[in-house]
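Enquirer: Numbered by this note's numbering, the letters in the sequence shown go through residues 5 to 444 in order.
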Amino acid sequence: MADVIVIGGGLAGLASTAALAGAGHTVRLLESRRFLGGRATSYEIGTGEAAETIDNCQHILLRCCVNLLDFYRRLGVGNEIAFHSEFTFIEPGGRRSVLRAGLLPTPAHFTESFLSLRFLSLAEKMAVVRAIQAIRRQYARRTDLDRITMQQWLEEQRQPPRAIERFWRQVLVSAINEELDRMAALHGFQVFRLGFLGRKNSYEMGVPAVPLGQLYRADAWRKIGNATIETSTPAERIVVENGAVQAVATAGGELRADYYVCALPFERVRAVAPDVDLDLAGFEHSPITGIHLWFDRPVTDLPHATLLDRTIQWMFNKGEGRAVQLVVSASRGLVDMPRSEVIALALRELAEFFPEVRDAKLEKAHVVKEIRATFSARPGLEARRPASRTNLRNLFLAGDWTRSGWPATMEGAVRSGYLAAEAVAEAAGKPGRFLLPDIA
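#1: Exposed or buried, Phe379, counting other C-beta atoms within 10 Å across all chains shown (16 or more means buried)?
#2: Gly229 and Gly26 look like a contact to me (Cβ under 8 Å); what is the Cβ gap, rounded to whole Å?
#3: Could you tell me whether the Cβ atoms of Ala17 and Val8 are closer together than 8 Å?
#4: Pick from Gln161, Val265, Phe287, Ala213: whose alpha carbon is nearest that of Asn83?
#5: Have a look at Thr293, Arg393, Pro269 and flag the residue whose alpha-carbon is nearest the alpha-carbon of Ile316.
#6: On the three-state DSSP scale, how would you describe Ala53?
#7: Taking all protein chains shown into account, do 16 or more other C-beta atoms lie within 10 angstroms of the C-beta of Gly421, making it buried, or fewer, making it exposed?
#8: Assuming the contact rule is C-beta atoms closer than 8 Å, Gly14 and Gly41 should be a hit. Round their C-beta distance to whole Å, please.
#9: By DSSP, does Pro1 sit in helix, in strand, or in coil?
#10: Within the stretch 374-402, note down every full beta strand (DSSP E) run reaching 3 residues or more, in order along the chain.
#11: Could you round the C-beta distance between Ala239 and Leu33 to whole angstroms and report it? I think they count as a contact, below 8 Å.
#12: So Leu366 packs on Leu297, CB below 8 Å; how close in whole Å?
#13: Please go through the same chain and pick out, in chain order, the residues whose beta-carbon is closer than 6 Å to the beta-carbon of Glu56, but skip the five residues on each side of it.
#14: With a Cβ-Cβ cutoff of 8 Å, do Glu182 and Ala381 count as a contact?
#15: Between Leu119 and Ala135, is the Cβ-Cβ spacing less than 8 Å?
#16: Only counting the same chain, and skipping five residues up and downstream in sequence, which positions put a Cβ closer than 7 Å to that of Leu216?
#17: Report the rounded CA-to-CA distance for Ala327 versus Ala444, giving the unit in angstroms.
#18: Report the option in Val195, Arg389, Leu349 whose CA atom is closest to the CA atom of Glu288.
#19: Grouping DSSP H, G and I as helix and E and B as strand, with all else coil, what is Ala248?
#20: For the alpha helix (DSSP H) that Ile191 lies in, which residues bound it at each end?
#21: Just to confirm, is the Cβ distance from Ala224 to Leu79 under 8 Å?
#22: Where do the N-terminal and C-terminal ends of the alpha helix (DSSP H) with Lys129 fall, by residue?
#23: Over the uninterrupted beta strand (DSSP E) stretch that includes Asp7, give me the two end residues.
#24: Report back the beta-carbon spacing between Val265 and Ala424 to the nearest angstrom; my notes put them in contact at under 8 Å.
#25: Using a Cβ distance threshold of 8 Å, determine whether the stretch 271-282 contacts the stretch 302-309, with at least three qualifying pairs required.
#26: If you draw a straight line from the alpha carbon of Ile94 to that of Thr30, how long is it in whole angstroms?
#27: Secondary structure at Ile180, three-state DSSP: helix, strand or coil?
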């Protein structure tokens, strides 16, 4: 079996580590920060009795995220994901609609609840149904889906403006973290093919019941195999000689292994691994903003809701209705907005959906602007995403920005980690299959 060094303790690096160590290889993971998870992590804010542990932003998954669920199974934390089978859409003023699977088989399982949605007219619903049927027909046949935007495709399908704004945008911007007019149609198709048209329960949403950082806790790794996790250990440079990596330079000296996995974000790879042949032209970021609010009384009885027609897109109940987290995906408009204005905007909009907010006292608030949350899933980028193998014979890449077959999601990150692990195992003469196939 081989000795492997994994650089980067985000989900991609963690997935590579879990797969390789579970297959009998000796793995040493280096993470520059003191906690694991990368952009899918949690940390403490405040001190003393006022201290709170928060996720940097609410991360969710669907049951179609089979590799992410497999990763959680490997760590023994799968039971700490709470799944929900109902999505509540709320209009300004408080009117609610619920989307859930019904009695009919896939792909007609949403028919009953979809037809009862109150925020779309009957004509708008029929237009959406026609477009979803078109996705089923066109997915395997069209060759231009990475060259056009989802907005262009929706207009091609003659989707009404309100259906685009209230249904398509509400679902896809949150899933892909990009606006419809900047998002490749290929990724929008994938969300509906797997999440809505896959299995009857593939749409169900999983929300971690514990802070994200607890999913990667130290005792979980003891079950994996020979894996050593070293936090606060940044890799300064990958040392290359004769077309192969010889060592990883750290502040404590050079570390050596047989094989190496670089699981860093794309903007950091060149600084650490300048000898890797990468074309990063066209790669750019799309931000996510998380707004944490604590009130003196409950303001909602819902576990979560998607909020229509406003800046805030999602609400998650984080503490018996008194603590909520609001999420804005593709939040470029909030990046330069002062913290006080973001909070004021959030309170003003939240009160339009939950009148209890008007009478509640805001006890504290925290804003997280994840400027580099994901790569922008723009048309034409898919072919540029690099594969696991590099021009260096013992160095492999992982990361949600690599060619995982998914957009920049937690599932995409884990898929990339498993693909890199498969490449390492094959190079080591011990081939293994870690990646699970999509459900559809």
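Beta carbons are placed, not taken as given, at the ideal position from N, Cα and C, and that holds for glycine.
Quick caveat, the model's predicted, so the values are computed rather than measured.
Expert: Judging by the given coordinates:
#1: Classification of Phe379: buried, given that the 10 Å Cβ count is 16 or more.
#2: By a beta-carbon distance limit of 8 Å, Gly229 contacts Gly26. Their separation comes to about 5 Å.
#3: Checking the displayed sequence, the identity of residue 17 turns out to be Gly instead of Ala. Their beta carbons are not under 8 Å apart, which means Gly17 does not touch Val8 by this criterion.
#4: Put simply, of Gln161, Val265, Phe287, Ala213 the residue whose alpha carbon is nearest the alpha carbon of Asn83 is Ala213.
#5: Selection Thr293, Arg393, Pro269 evaluated against Ile316 yields Thr293 as nearest (Cα-Cα).
#6: The identity of residue 53 in the sequence shown is Glu, whereas the question assumes Ala. In the three-state reduction of the DSSP assignment, Glu53 falls in the helix class, which pools H, G and I.
#7: With 16 or more other Cβ atoms within 10 Å, it is buried.
#8: That belief holds up - the Cβ atoms of Gly14 and Gly41 are roughly 7 Å apart, short of 8 Å.
#9: Within the shown structure, residues of the chain are numbered from 5 to 444, placing residue 1 beyond reach of any answer.
#10: Here the runs fully enclosed are 399-401.
#11: A Cβ-Cβ distance of about 11 Å is found for the pair Ala239 and Leu33, leaving them out of contact under the 8 Å criterion.
#12: So it is a contact: roughly 6 Å between Cβ atoms.
#13: Excluding sequence neighbours, Glu56 sits near Ile49, Gly50.
#14: Result yes, Cβ atoms of Glu182 and Ala381 sit closer than 8 Å.
#15: No, these two residues do not count as a Cβ contact at 8 Å.
#16: Contacts found: Gly41, Ala44, Thr45, Ser46, Asp59, His63.
#17: Distance from the CA of Ala327 to the CA of Ala444, rounded to the nearest whole angstrom, comes to 37 Å.
#18: Checking every option, the nearest Cα to that of Glu288 belongs to Arg389.
#19: In the structure shown, Ala248 adopts extended strand secondary structure according to DSSP, grouped into three states.
#20: One point to set straight first is that residue 191 is His, not Ile, in the sequence displayed. Going by DSSP, His191 is part of the alpha helix (DSSP H) stretching over 189-195.
#21: Taking a C-beta distance under 8 Å as the contact criterion, Ala224 and Leu79 qualify as a contact pair.
#22: Start and end: 126-142.
#23: That run of the beta strand (DSSP E) goes 7-11.
#24: Contact between Val265 and Ala424 holds, with the beta-carbon distance rounding to 5 Å and staying under 8 Å.
#25: Taking 8 Å as the limit for Cβ pairs, the verdict is that the stretch 302-309 does not touch the stretch 271-282.
#26: Counting only the Cα atoms, Thr30 lies some 50 Å from Ile94.
#27: In the structure shown, Ile180 falls within a helical segment according to DSSP collapsed to helix, strand and coil.
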